[in-house]
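Structure first, then comments.
Number of protein chains: 2
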Amino acid sequence: MQPDLNLRISPRTVQQETVDKLRLAIFSGVFLPGSRLIESQLCSQLGISRPSLREALRSLQAERLIEIVPNRGPSVPALSWEEATAIYEVRELLEVEAAGRCAARISPAQLRELERSLSAFEEAASSKDSAAQVMTAADFYSIILANCGNPVLEEVHRGLVARISFFRGRSMSLEGRAKSSLLEMREIFEAIAARDDKAARKASRKHVLKAKAAAKLAMENGI
Amino acid sequence: MQPDLNLRISPRTVQQETVDKLRLAIFSGVFLPGSRLIESQLCSQLGISRPSLREALRSLQAERLIEIVPNRGPSVPALSWEEATAIYEVRELLEVEAAGRCAARISPAQLRELERSLSAFEEAASSKDSAAQVMTAADFYSIILANCGNPVLEEVHRGLVARISFFRGRSMSLEGRAKSSLLEMREIFEAIAARDDKAARKASRKHVLKAKAAAKLAMENGI
DNA sequence: ATTGCAATAATGTCAGACAATCTGGTTGAC
DNA sequence: GTCAACCAGATTGTCTGACATTATTGCAAT
Chain A
1 MQPDLNLRIS PRTVQQETVD KLRLAIFSGV FLPGSRLIES QLCSQLGISR
51 PSLREALRSL QAERLIEIVP NRGPSVPALS WEEATAIYEV RELLEVEAAG
101 RCAARISPAQ LRELERSLSA FEEAASSKDS AAQVMTAADF YSIILANCGN
151 PVLEEVHRGL VARISFFRGR SMSLEGRAKS SLLEMREIFE AIAARDDKAA
201 RKASRKHVLK AKAAAKLAME NGI
Chain B
224 MQPDLNLRIS PRTVQQETVD KLRLAIFSGV FLPGSRLIES QLCSQLGISR
274 PSLREALRSL QAERLIEIVP NRGPSVPALS WEEATAIYEV RELLEVEAAG
324 RCAARISPAQ LRELERSLSA FEEAASSKDS AAQVMTAADF YSIILANCGN
374 PVLEEVHRGL VARISFFRGR SMSLEGRAKS SLLEMREIFE AIAARDDKAA
424 RKASRKHVLK AKAAAKLAME NGI
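Quick note, the sequences are listed as chains A and B, same order.
Taking the numbering used here, the leading residue of the first sequence gets 1, the next gets one more, and so forth.
Taking the numbering used here, the leading residue of the second sequence gets 224, the next gets one more, and so forth.
Dropping the structure here:
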């Protein structure tokens, strides 16, 4: 018998649906940074009541995906470069650690999964679909994080990456970024496949630093 | 003129007050781990309406301070040792980094502040007041985190420490833990005062590992 | 152009309601 | 006597509607 199978089916509540929808909307840039979210509008668009919406907004606020100023309401924060830098730095810390641990403990099945996701990114990278690139790249990381053996590390990392989702889309559309990203990711994969802890950390650090540089470039050029 | 002074006064809303009150209540053990929180009870106790309460609960849920199972409502999670371990591991990662950065960049004024908080802990450690010990120790860390130059690091760390607040109270009441904690903290302080990056990291890592061991002991003995 | 003010919009908060779901105890069958 | 089915109360999920307080905007006046 599987020891940790979660039998409890959890019915999806309106609040959960709403949080997911809004989060996705923010990721995909439906709400531009700095734009305000009007409760009454969202209610009618989503077809839900104001209390339900407000609960969802509080969740997103705690995730730092939106800001809520008293008596002004919610808005999508415009991330400054200082904040983004701070996030990238912590992300580096976590991601490097995760890659190192992952190299030591990933299962063969998950390793194949990782390889598959790398292929998916490779395919996306050769296309011009930057949305697909971001998504497949996210899959790649999430497999690494899911196999680092520390769910808290994974969870914190996910929260941070969510907050810079805006940059990820932008920087992927930079000339050549997808290609070099692919090379870096392949390097990470090779290191993990070789069970080489040190190399995985090194490659992972390089990747984050390059991603950060690309994001900075994208921001400065206002792509 | 100060560049980043936040002029905006933010009126404290019912939701904010409620979140703070409930968070404090959880920290101080008013709600035991595993216990359920009944909305109607909380409403009358806090003197607020159900929508306001539910918004506050969603915030706390996103902070992982409470769990909300659909149709069963909110409860204080009973942290397993595996989860606690995961948190301590990430905390180590963040805290070590913060101590190292802090050593390189803390201002003299803040350094004096750090020394003062160490003295406060020293005083608390010689008393039997474990609540005071936890509080003064928290001050010490928060000064380090506030001076590491990365607000995101600080924020994530605060979130993690909040989730293991239960253990901190327990382990501080272990025989001799406060004393040895004081020694470890003094070591960290000395390293930071000496601007010794490496030593600060080393001392900080040792401290977290010892705190983790103490928490494990406290848990196993059910103190 | 700037200031002041009124009208409008939006938020913060509450009260009450109702269906769906969970919980605990009782009843009934074996 | 034990176990399953069931029913009543408790609790949550969600909605509607309301109202005071606080921003925002447009216009008038200086």
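Glycine included, each C-beta is placed from N, C-alpha and C at the ideal position.
Query raised in the report: Is the shortest distance between the beta-carbon of R36/A and the beta-carbons of chain B less than 8 Å?
Result: no
Requested in this report: Step through the CB atoms of chain B and report whether any lies within less than 8 Å of the CB of E39/A.
Outcome: no
**Report entry** Min CB distance L182/A to chain B below 8 Å
**Finding:** no
Query raised in the report: Hey, would you say V237/B sits closer than 8 Å to S263/B, going by beta carbons?
Result: no
Query raised in the report: Considering E286/B, what are the terminal residues of the beta strand (DSSP E) in which it resides?
Result: Segment: none, E286/B is in no beta strand (DSSP E) and carries neither H nor E.
Query raised in the report: Taking the alpha carbon of V227/A as the point to measure from, which residue in A321/B, V379/B and R339/B has its own alpha carbon closest?
Result: Because chain A is modelled from 1 through 223, residue 227/A falls outside the range shown and cannot be assessed.
Query raised in the report: Is it right to say N229/B is buried, meaning 16 or more other beta carbons lie within 10 angstroms of its own, or is it exposed?
Result: With a pLDDT of 49 at N229/B, under the threshold of 50, the modelled position of that residue is not reliable, and the figure given next carries that caveat. Under this definition N229/B is an exposed residue.
Requested in this report: Please determine if the stretch 343–357 of chain B and the stretch 203–218 of chain A are in contact, where contact requires at least 3 C-beta pairs separated by less than 8 Å.
Outcome: no
Requested in this report: Classify S49/A as helix, strand or coil using the three-state DSSP reduction.
Outcome: coil
Query raised in the report: Rounded to a whole number of angstroms, what is the C-alpha to C-alpha distance between M1/A and Q268/B?
Result: With a pLDDT of 35 at M1/A, under the threshold of 50, the modelled position of that residue is not reliable, and the figure given next carries that caveat. Answer to the nearest angstrom: the Cα atoms are 44 Å apart.
Query - Assigned exposure category for L245/B - 16 Cβ within 10 Å defines buried - result: buried
Query raised in the report: Taking C-alpha atoms, which residue in I387/B, I411/B, E318/B and L397/B lies nearest to A423/B?
Result: I411/B
Report task. Classify G323/B as buried or exposed, calling it buried when 16 or more other Cβ atoms lie within 10 Å of its own Cβ. Result -> buried
Query raised in the report: How many Å lie between G257/B and A146/A at the Cα?
Result: 27 Å
Report task. Check whether the Cβ atoms of T18/A and I48/A lie closer than 8 Å to each other. Result -> yes
Requested in this report: Would you kindly check if the distance between the Cβ of E398/B and the Cβ of K433/B is under 8 Å?
Outcome: no
Report task. Give me the Cα-Cα distance between V69/A and S59/A, rounded to the nearest whole angstrom. Result -> 15 Å
**Report entry** CB contact flag (A285/B, A25/A, <8 Å)
**Finding:** no
Requested in this report: Could you list which residues in chain A have their beta carbon closer than 8 Å to that of S282/B, in chain order?
Outcome: R58, S59, Q61 and A62
Query raised in the report: Excluding sequence positions up to five away, which residues of its chain have a Cβ less than 8 Å from the Cβ of R277/B?
Result: E262
Query raised in the report: Smallest Cα separation from R170/A: which of K128/A, C43/A, R116/A and L93/A?
Result: K128/A
Requested in this report: Identify the continuous beta strand (DSSP E) that holds P297/B and give its terminal residues.
Outcome: G296 to S298
Query raised in the report: Any C-beta of chain A sitting closer than 8 Å to the C-beta of P297/B?
Result: no
Report task. Mind checking which residues open and close the beta strand (DSSP E) that includes V152/A? Result -> Taken as a continuous stretch (DSSP letters only), V152/A belongs to no beta strand (DSSP E), being part of the alpha helix (DSSP H) at P151 to R163.
Query raised in the report: Closer than 8 Å, CB to CB, is P151/A near chain B or not?
Result: yes
Query raised in the report: Where does the unbroken beta strand (DSSP E) through V292/B begin, and where does it stop?
Result: E290 to V292
Requested in this report: Would you kindly report the start and end of the unbroken alpha helix (DSSP H) that includes D139/A?
Outcome: S130 to A146
**Report entry** Run of the alpha helix (DSSP H) containing F175/B, from where it starts to where it stops
**Finding:** Given that chain B is displayed from residue 224 to residue 446, the structure contains no residue 175/B and the question cannot be resolved.
Requested in this report: Output the boundary residues of the alpha helix (DSSP H) element that contains E410/B.
Outcome: R400 to A416
Query raised in the report: Should P297/B go down as buried or exposed, given a rule of 16 or more other Cβ atoms within 10 Å for buried?
Result: buried
Report task. Using only alpha-carbon positions, find the residue among W81/A, P77/A and K206/A that is nearest to M219/A. Result -> W81/A
Query raised in the report: Across which residues does DSSP place R393/B in a beta bridge pair?
Result: R393/B pairs with nothing; no bridge assigned.
Query raised in the report: What is the rounded straight-line gap between the Cα of R335/B and the Cα of A326/B?
Result: 13 Å
Requested in this report: Let me know if P226/B comes out buried or exposed under the rule of 16 or more other beta-carbons within 10 Å of its beta-carbon.
Outcome: Note that P226/B has pLDDT 36, beneath the 50 cutoff, so the model's placement of it is unreliable and the number below is only indicative. The residue in question, P226/B, is exposed, as its Cβ has fewer than 16 Cβ neighbours within 10 Å.
Query raised in the report: So the alpha helix (DSSP H) I448/B belongs to, where does it begin and stop?
Result: Residue 448/B cannot be examined here, being either before or after the span of chain B that is shown, 224 to 446.
Query raised in the report: If we cut at 8 Å on Cβ distances, does L24/A have a partner in chain B?
Result: no
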